Amino acid sequence: MTAPGRQRGVALITAMLAVAIVTVLAVELVTRQHMDVRRTQNMLARDQAYMYSLAVERWALSMLIEKRREQDEAVDHLNEMWAEELTPPPFEGAQMRLRMEDLQGRFNLNNLVAEPGTDDEVAMERFSQLLLGLEIEPMFVQATADWIDIAPDVRFPDGAGDDWYSRLDPPYRVANRPMVSASELRLVREVEDEQWRVIAPYVTALPEATPINVNTAPPAVLRSLTPEMSEDAAEDLAEDLPEDGWRSVEDFLAHPSLAGQDIDAGTLSVNSDYFLLRSEISLGRVTIRSESVLFRQGEGGGQVILRRQGFFD
8 MTAPGRQRGV
18 ALITAMLAVA
28 IVTVLAVELV
38 TRQHMDVRRT
48 QNMLARDQAY
58 MYSLAVERWA
68 LSMLIEKRRE
78 QDEAVDHLNE
88 MWAEELTPPP
98 FEGAQMRLRM
108 EDLQGRFNLN
118 NLVAEPGTDD
128 EVAMERFSQL
138 LLGLEIEPMF
148 VQATADWIDI
158 APDVRFPDGA
168 GDDWYSRLDP
178 PYRVANRPMV
188 SASELRLVRE
198 VEDEQWRVIA
208 PYVTALPEAT
218 PINVNTAPPA
228 VLRSLTPEMS
238 EDAAEDLAED
248 LPEDGWRSVE
258 DFLAHPSLAG
268 QDIDAGTLSV
278 NSDYFLLRSE
288 ISLGRVTIRS
298 ESVLFRQGEG
308 GGQVILRRQG
318 FFD
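Per this note's numbering, the sequence shown runs over residues 8 to 320.
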């Protein structure tokens with residue numbers, strides 16, 4: 008090949024190489040731009056879905072407040088609209104699934120301590136009975152009371168304070184305050200993850216002592232009301248729930264399954280103030296799952312006292 012021919016060949020290869028490099032750079036630029044656009048779209052969708060979730064909270068709380076205003080009697084039961092899958096007003100471009108649960112149908116872990124250094128004996132016994140009914144040894148009842156009690160004294164023989172938790176790996180300290188979330192129970196001495204999964208549907212942690220709503224409590228919680236109650240009796244109570252709920256605690260206690268049993272009526276109710284709203288909101292490629300604890304303050308209003316959220320692209 009002559010020199011001019013070689014030069015033309017080199018020039019052609021150089022030109023092809025330059026075109027290839029430019030093509031690669033262009034593809035990378037377009038891909039990066041596409042990813043940036045998609046990332047921006049997802050961020051906008053997350054923000055919008057989050058705002059929708061806040062709006063849904065207000066809608067659910069307003070529904071609960073309006074329900075109380077319209078009632079002649081303050082009664083909450085499982086045959087009401089709030090206890091079914093909810094249908095909120097339409098939100099542009101969003102798909103939603105909403106469910107509400109009465110948290111006062113569960114055992115409130117913060118009931119265990121009546122005042123600093125003093126157990127609530129009824130609550131301690133009911134927590135023990137709840138665990139036994141779930142086939143869990145109640146060996147961490149005292150440790151749970153120690154966890155939420157602001158008094159530093161450790162209960163004997165199964166309590167636990169900083170001395171016990173500080174020897175763990177990793178170490179941590181006892182809270183010595185009421186639980187913010189029932190999931191704190193997983194940190195308490197002797198509580199195993201498998202046990203927590205069994206207990207979780209039946210316990211809550213509310214910011215004040217609360218009665219158990221007998222209209223919404225499941226059989227496992229009803230069975231904990233007294234050591235004398237059998238599993239069959241608890242099932243009968245749940246199945247015999249009137250269509251419009253028990254109208255009073257006295258009506259509930261008059262059920263034949265409870266004849267002759269000593270149950271503190273003051274620790275029971277037929278209405279509730281605390282509810283758990285579970286929502287799933289999908290917008291584009293983004294899904295938000297939320298749990299919100301709603302507090303209804305009678306007819307006068309309400310507020311969200313706890314919120315947990317997760318984003319899923």
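By construction, the Cβ of each residue, glycine as well, lies at the ideal position given by its N, Cα and C atoms. These numbers come from a predicted model, not from an experiment.
query = Ordered along the chain, which non-local residues of its own chain (more than five positions away) have a Cβ less than 7 Å from that of ASP247?
reply = HIS262, listed in sequence order.
message = I'd like the list of long-range same chain contacts for LEU119, defined as Cβ closer than 7 Å, with 5 residues on each side in sequence excluded.
response = ASP126, ASP127, ALA130, MET131, PHE134, THR151, ALA152, ILE155
request  = To the nearest angstrom, report how far apart PHE147 and GLU99 are at their CA atoms.
outcome  = Looking at the two C-alpha atoms, the distance is approximately 49 Å.
query = From ILE295 to ARG230, what distance separates their C-alpha atoms?
reply = 36 Å
task = Can you give me the Cβ contacts of MET186 inside the same chain, cut-off strictly under 8 Å, excluding the 5 residues immediately before and after it?
result = LEU116, ASN117, TRP154, ILE155, LEU192, ALA212
Reduced DSSP secondary structure (H/G/I, E/B, other) of VAL120 = VAL120 falls in the strand class under three-state DSSP.
request  = Tell me whether ASP271 is buried or exposed, calling it buried when 16 or more other Cβ atoms sit within 10 Å of its Cβ.
outcome  = Residue environment analysis places ASP271 among the exposed positions, since fewer than 16 neighbouring C-beta atoms fall within 10 angstroms of its C-beta.
task = Could you check what DSSP says for GLU287 in three-state terms: helix, strand or coil?
result = strand
ask   = So, are the CB atoms of ASP280 and ARG303 less than 8 Å apart?
value = yes
message = Using a 10 Å radius around the Cβ and a threshold of 16 neighbouring Cβ atoms, would you call VAL198 buried or exposed?
response = buried
query = Are the Cβ atoms of SER276 and LEU244 separated by less than 8 Å?
reply = With respect to LEU244, SER276 sits apart: the two C-beta atoms are not nearer than 8 Å.
inquiry  = Taking only three categories from DSSP, how would you classify ILE270?
reply    = DSSP places ILE270 in coil when its eight states are reduced to three.
inquiry  = For the pair the region 58-75 and the region 218-232, tell me if three or more CB-CB distances fall below 8 Å.
reply    = no
inquiry  = Would the region 166-177 count as touching the region 102-111 if we require 3 or more Cβ pairs under 8 Å?
reply    = No: fewer than three Cβ pairs fall under 8 Å.
The alpha helix (DSSP H) enclosing ASP169, as first and last residue numbers = 169-172
message = Ignoring anything shorter than 4 residues, give me the alpha helix (DSSP H) runs that lie fully in the region 210-259, in order along the chain.
response = 226-230, 238-246
ask   = By how many angstroms is the C-alpha of ALA121 removed from the C-alpha of ARG285?
value = If you take the alpha carbons of ARG285 and ALA121, they lie about 30 Å apart.
message = Please report the distance separating the alpha-carbon of GLY317 from that of LEU19.
response = 56 Å
inquiry  = Taking DSSP's pairing of strands, which residues face THR125 in a bridge?
reply    = GLU122
ask   = Going by C-alpha distance, which of GLU242, PHE259, GLU201, LEU138 is nearest PRO249?
value = For the options GLU242, PHE259, GLU201, LEU138, the alpha carbon positioned closest to that of PRO249 is the one of PHE259.
ask   = Name the DSSP beta bridge partners of TYR281, please?
value = PHE302
ask   = Among LEU301, VAL300, VAL293, which has the Cα closest to the Cα of ALA56?
value = For ALA56, the closest C-alpha among the options LEU301, VAL300, VAL293 is that of VAL293.
query = Which one of GLU92, PRO226, ASN278 has the shortest CA to CA distance from GLU242?
reply = PRO226
ask   = Under a three-way DSSP split, which group does ARG196 fall into?
value = Correct three-state label for ARG196: coil.
query = Using a Cβ-Cβ cut-off of 7 Å (strictly less than) and excluding sequence neighbours within five positions of SER190, which residues of its own chain qualify?
reply = Cβ within range, chain order: n/a, list empty.
message = Which complete alpha helix (DSSP H) runs does the region 127-160 hold, if anything under 4 residues is left out?
response = Annotation: the region 127-160 contains the following complete segments of the alpha helix (DSSP H) (minimum length 4 residues), in chain order: 128-140, 148-155.
Simplified DSSP assignment, three categories, for VAL181 = coil
message = With the cut-off set at 8 Å, would you say PRO214 and GLN111 are in Cβ contact?
response = no
key: CA-to-CA distance, ARG174 to SER289, given in whole angstroms   = 45 Å
query = Helix, strand or coil: how does DSSP classify ARG75 here?
reply = helix
ask   = Based on the DSSP output, what are the partners of ASN115 in its beta bridges?
value = Beta-bridge pairing by DSSP links ASN115 to THR211.
request  = Would you kindly check if the distance between the Cβ of ARG75 and the Cβ of GLY305 is under 8 Å?
outcome  = yes
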